[in-house]
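Q: Chains as they are written, first to last, in this note's numbering: chain A, 1 to 106; chain B, 1001 to 1108.
Just so it is clear, CB atoms sit at the ideal spot from N, CA and C, and this is done for glycine as well.
(1) Counting along the chain, where does the alpha helix (DSSP H) carrying residue 57 of chain A start and finish?
(2) Whose Cβ in chain A lies nearer than 7 Å to the Cβ of residue 1019 of chain B?
(3) Along the chain, where does the beta strand (DSSP E) that runs through residue 11 of chain A open and close?
(4) With 16 other CB atoms within 10 Å as the buried threshold, where does residue 1047 of chain B fall?
(5) Do you know how far the Cα of residue 31 of chain A is from the Cα of residue 1083 of chain B?
(6) Would you be able to state if there are at least three C-beta pairs under 8 Å between the stretch 13 to 30 of chain A and the stretch 1030 to 1044 of chain B?
(7) Compute the beta-carbon to beta-carbon distance between residue 64 of chain A and residue 98 of chain A, rounded to the nearest angstrom, for a pair I have assumed lies under 8 Å.
(8) Identify the contact partners of residue 33 of chain A in chain B, using a Cβ-Cβ distance below 8 Å as the criterion.
(9) What residues of chain A sit near residue 1016 of chain B, judged by a beta carbon separation below 9 Å?
(10) Could you pull the DSSP bridge partners for residue 1054 of chain B from this structure?
(11) Just mark residue 37 of chain A as buried or exposed, buried being the case when its beta carbon has 16 or more other beta carbons within 10 Å.
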């Protein structure tokens, strides 16, 4: 179990890959994700912000989120029927940092 | 934000925290207000996925969950200027989505 400490760190995850390109091939790989606790706050908006939003945005939120700052491609070997092998490229995180939150997910 | 309480460098979670700001609007003098706002560190992550956009994000922020509206009177307002100023006070804070309906969502 990971400790709940401030910051944004690499975290291993199991990835299972399937391909139907040459029959049912399968492989698994340990990739890295980024997981952590980054600072955020919410407070009353300044007058200029309130006025600009038609007095709708009475709260201002300033945030950072745990993000992947460096992504790398790695090759995964897939096992196919009859002992054949296939290669597939997947992404893994190489570095993490507290940075911009993705607003699309809000 | 007031940083005197506890060891905030190690704090994880989302909590009500004292916040001082200048309540101000055109035509009145400003007034320093100390109130309850939200501060913390929420769990967020990004993981690589096989298909576009290749990164899945779980991003949430420490924000107001329950608020009380507080109205104060600003000093020395010009004639004809409404002297009342209403701001939200945090009752409860939680990690969650930043609601663009009520919130100016700023990210670094």
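A: Concretely, from the data shown:
(1) DSSP places residue 57 of chain A outside any alpha helix (DSSP H), giving it a letter other than H or E.
(2) Neighbourhood of residue 1019 of chain B in chain A, by CB distance below 7 Å: 43, in chain order.
(3) Segment 7 to 19, the beta strand (DSSP E) holding residue 11 of chain A.
(4) Counting Cβ neighbours within 10 Å, residue 1047 of chain B comes out buried, since at least 16 surround it.
(5) If you take the alpha carbons of residue 1083 of chain B and residue 31 of chain A, they lie about 58 Å apart.
(6) With a cut-off of 8 Å, the stretch 13 to 30 of chain A and the stretch 1030 to 1044 of chain B do not count as touching, because too few Cβ pairs lie within range.
(7) 4 Å between Cβ atoms; contact.
(8) 1045, 1046, 1047 and 1048, listed in chain order.
(9) Against chain A, a Cβ distance below 9 Å from residue 1016 of chain B picks out nothing, because the smallest value is about 11 Å.
(10) Residue pairing of residue 1054 of chain B in beta bridges, as defined by DSSP: absent, with no partner found.
(11) Counting the other CB atoms within 10 Å of its CB gives residue 37 of chain A a total of 16 or more, which places it among the buried residues.
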